[in-house]
Amino acid sequence: MINYLYQEQNWQSQLSNLITDPLELLELLQLSPEQLLSGAILASEQFKLRVPRAFVGKMTIGDPFDPLLLQVLPHHLELEEHKDFVTDPLGEEKANQLAGVLHKYQSRFLLTLTGACAVHCRYCFRRHFPYQANLPKNEDWEHIR
Numbered sequence: 110m111i112n113y114l115y116q117e118q119n120w121q122s123q124l125s126n127l128i129t130d131p132l133e134l135l136e137l138l139q140l141s142p143e144q145l146l147s148g149a150i151l152a153s154e155q156f157k158l159r160v161p162r163a164f165v166g167k168m169t170i171g172d173p174f175d176p177l178l179l180q181v182l183p184h185h186l187e188l189e190e191h192k193d194f195v196t197d198p199l200g201e202e203k204a205n206q207l208a209g210v211l212h213k214y215q216s217r218f219l220l221t222l223t224g225a226c227a228v229h230c231r232y233c234f235r236r237h238f239p240y241q242a243n244l245p246k247n248e249d250w251e252h253i254r
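Heads up, the sequence shown is in our numbering, so the first residue is 110 and it goes up one at a time.
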């Protein structure tokens with residue numbers, strides 16, 4: 110574990126000092142770029158690496174198969190094209206009738222109040238969702254009930 114990464118305690122500090130470079134992440138974990146990096150930089154260009162240092166601090170140094178590392182490290186397989194791939198696998202585009210609201214189920218809805226997640230998980234099924242274009246404006250709030 111990388112204990113010195115826990116120095117920043119509040120979430121604002123953690124989000125202001127994210128790791129966004131796959132090479133830096135591998136260096137912190139003492140992993141060889143040749144060992145893991147195949148395609149990671151290209152995959153990160155399509156969906157940026159974004160991970161707080163406190164999260165990296167929970168990873169095991171030297172373990173290329175650490176489950177937390179595999180959750181965030183870009184991989185060349187993300188670049189493969191598949192004929193059945195869709196960018197909206199959950200059909201949320203239809204459920205997004207109001208800015209800032211995903212309303213798929215009758216009894217609940219999801220408010221999207223920010224355009225960024227603290228961690229970019231590589232399996233994210235919302236990586237193509239247009240968060241920035243979907244943020245509610247002041248006048249939109251009165252329609253959200």
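Note that CB positions come from ideal geometry on N, CA and C, so glycine has one too.
Model, not experiment: these values are computed from the prediction.
Non-local beta-carbon contacts of L199 in its own chain, meaning distances under 7 Å to residues more than five positions away in sequence, involve F234 in chain order. Taking the CA atoms as reference points, Q206 sits about 19 Å from R236.
Residue environment for G209: buried (at least 16 other C-beta atoms within 10 angstroms of its C-beta).
Within the model, the alpha-carbon separation for N119 versus V165 is close to 16 Å. In the structure shown, the three-state DSSP call for R235 is coil.
Counting only runs that start and end inside the segment 175-251, the beta strand (DSSP E) elements of at least 3 residues fall at 210-214 and 217-220. The shortest CA-to-CA distance from L244 to any of L222, Q139, A149 and R217 is the one to L222. Closest in alpha carbon position to D130, among S153, S141, E248 and A204, is S153. Taking 7 Å as the cut-off, the Cβ atoms of L138 and I170 count as close. The beta carbon of H229 sits closer than 8 Å to the beta carbons of F156, K157, L158, R159, V160, V181 and R236 from its chain, once the five residues preceding and following it are set aside; these are given in chain order.
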